[in-house]
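In the numbering used here, the protein residues as written are 2 to 305. Here the structure is laid out as structure tokens; the discussion comes afterwards.
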């Protein structure tokens, strides 16, 4: 996280994009370590209804942060004349302040992992009962992230306006997740997963239609706002259940999943890069990615 903030500081202070990209790339190692530690804690300290409530509240907190962040960023971009260096510098200062205030507390006790064989599960038939879900979700998550930013910017044509759209989406999502946290279940719901995937797929179709009729952007915001956090919550619960519910060691299971996710995400992002560098209009590239995202969503519904 510190490297990520340092990269943003370098861009904000010098305007040198290459230096910032190098630091942000190295920051991926830190993000992976944080994700691994959090997943390991969630495996051992959440279960049943408490896990479902925890995941819903976690997504609520993340969504609430996304609500405040884009609004502040939109305001800052507006007053600075869309100057990214000012935004990066402001985020950097707040980020280092947050690191200082949220330093490590007393850790929760968790068992140490056993012998590490991250690739061994890939050669076991039992693992491939859930592996296709990881592959398709890895590609789908990367495509959704690219599509949300690029698609919304294509329609609204302004970073500050994009921040407002993102904030409105987060507000609706937070309300949905608060309701979910009060109606917990004992385990992940496949019906909720299928419903959320269908809602997210519908939102992309609204976004594609908004290229011709901007009023349809409202449909995109509503469907994505309710579908995306619901999808993230149910998916997290399914992943935790899958990582601990087989005979494969949980840490090996988790690392093998990350290998597959990395391959799927890299392939999806490479496709996005080819579309961005190729001789395509923004609308044509958006249509291709929307088609792929909807296909992956339908594939996931079939797998569940």
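Glycine is no exception: its CB is placed at the ideal position from the N, C-alpha and C atoms. Computed from a predicted model, the values in this text were never measured in an experiment.
Under the three-state reduction of DSSP, residue 84 is assigned to coil, being neither helix nor strand. No Cβ-Cβ contact shorter than 9 Å links residue 253 with residue 65. When C-alpha distances from residue 223 are compared across 268, 176, 248, 265, the shortest belongs to 176. At the C-beta level, residue 257 and residue 91 stay beyond 9 Å of one another.
A distance of 9 Å or more separates the beta carbons of residue 299 and residue 209.
Its chain contains no residue whose beta carbon lies nearer than 6 Å to that of residue 85 once the 5 sequence neighbours on both sides are disregarded.
Straight-line measurement puts the Cα of residue 40 at about 13 Å from the Cα of residue 59. Residue 255 counts as buried, since at least 16 other C-beta atoms from the protein chains shown sit within 10 angstroms of its C-beta. By the 16-neighbour rule on beta-carbons within 10 angstroms, residue 52 is buried. Non-local C-beta neighbours of residue 118 in its own chain, meaning closer than 6 Å and more than five positions away in sequence, comprise 253, ordered along the chain. With a cutoff of 9 Å on beta-carbon distance, residue 30 and residue 4 are scored as near each other. Here residue 112 carries a coil assignment [DSSP, helix/strand/coil].
Secondary structure note for residue 46: its alpha helix (DSSP H) is the uninterrupted segment 18 to 46.
Non-local beta-carbon contacts of residue 114 in its own chain, meaning distances under 6 Å to residues more than five positions away in sequence, involve 252 in chain order. In the structure shown, residue 250 falls within a coil segment according to DSSP collapsed to helix, strand and coil. Here the stretch 9 to 22 makes contact with the stretch 93 to 112; the two share three or more CB pairs at distances below 8 Å. Distance from the CA of residue 261 to the CA of residue 130, rounded to the nearest whole angstrom, comes to 14 Å. With 16 or more other CB atoms across the displayed protein chains lying within 10 angstroms of its CB, residue 227 is buried. Under the DSSP assignment, residue 117 falls outside any alpha helix (DSSP H); it carries neither an H nor an E label. Nearest C-alpha to residue 259 among 271, 248, 272, 244: 244. DSSP, read as helix, strand or coil, puts residue 192 in helix. Counting the other CB atoms within 10 Å of its CB gives residue 71 a total of 16 or more, which places it among the buried residues. In chain order, 284 place their CB closer than 6 Å to the CB of residue 212, counting only its own chain and leaving out the 5 sequence neighbours on each side. Excluding five sequence positions before and after residue 220, the CB atoms of its chain that fall closer than 7 Å to its own CB belong to 207, given in chain order. Per DSSP, the continuous alpha helix (DSSP H) segment holding residue 3 begins and ends at 3 to 15.
At the C-beta level, residue 179 and residue 57 come within 9 Å of one another. When the Cα atoms are used, residue 45 and residue 76 turn out to be separated by approximately 41 Å.
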